[in-house]
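For reference, the structure discussed in these notes is given below.
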Amino acid sequence: MSKKQNDKFSFWPRDWLGGTTGMTAAERGVYIDLLCCQWQRGPMQEAQALLAGRAEPELVRQDFSQKFHRNPDGSWQHNRLEQERKRK
85 MSKKQNDKFS FWPRDWLGGT TGMTAAERGV YIDLLCCQWQ RGPMQEAQAL
135 LAGRAEPELV RQDFSQKFHR NPDGSWQHNR LEQERKRK
């Protein structure tokens, strides 16, 4: 995949709104940052995610526990995002 193709992913507003109902604006902000970082770098270790979360460790951990899957190697990934990557 070329770098230019890797710079974007599909975004479905209805799915986003449905999947983030009940989240605060700060929680949604950390969540989209984590998704963008995973898209660029792949599954993340917690330390990388904490940097992506912009010093909001409690929100990063909350998003991980609710929206991400922990891999055997200890990295975290959002499974739907990885499915979208495979479609490209």
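Heads up: take any position in the sequence shown, counting from 1, add 84, and you land on the working numbering.
C-beta: ideal position from N, C-alpha, C; glycine also.
Over what stretch of residues does the alpha helix (DSSP H) that includes residue i continue unbroken?
i           : result
serine 149  : 141 to 151
glycine 102 : 97 to 103
glycine 113 : 109 to 125
Taking its Cβ as the centre, do 16 or more other Cβ atoms sit within 10 Å of residue i, making it buried, or is it exposed?
i              : result
tryptophan 160 : buried
methionine 85  : With a pLDDT of 47 at methionine 85, under the threshold of 50, the modelled position of this residue cannot be trusted, and the question is left open.
Pull up the CB-CB distance for residue i and residue j, whole angstroms please, since I reckon it's below 8 Å.
i                : j              : result
arginine 36      : threonine 104  : This structure cannot settle anything about residue 36, because the visible part of the chain is limited to 85 through 172.
phenylalanine 93 : tryptophan 123 : 5 Å
alanine 131      : cysteine 121   : Actually they do not touch by this definition, with Cβ atoms about 12 Å apart.
alanine 133      : leucine 118    : 6 Å
According to DSSP, is residue i helix, strand or coil?
i             : result
glutamine 132 : helix
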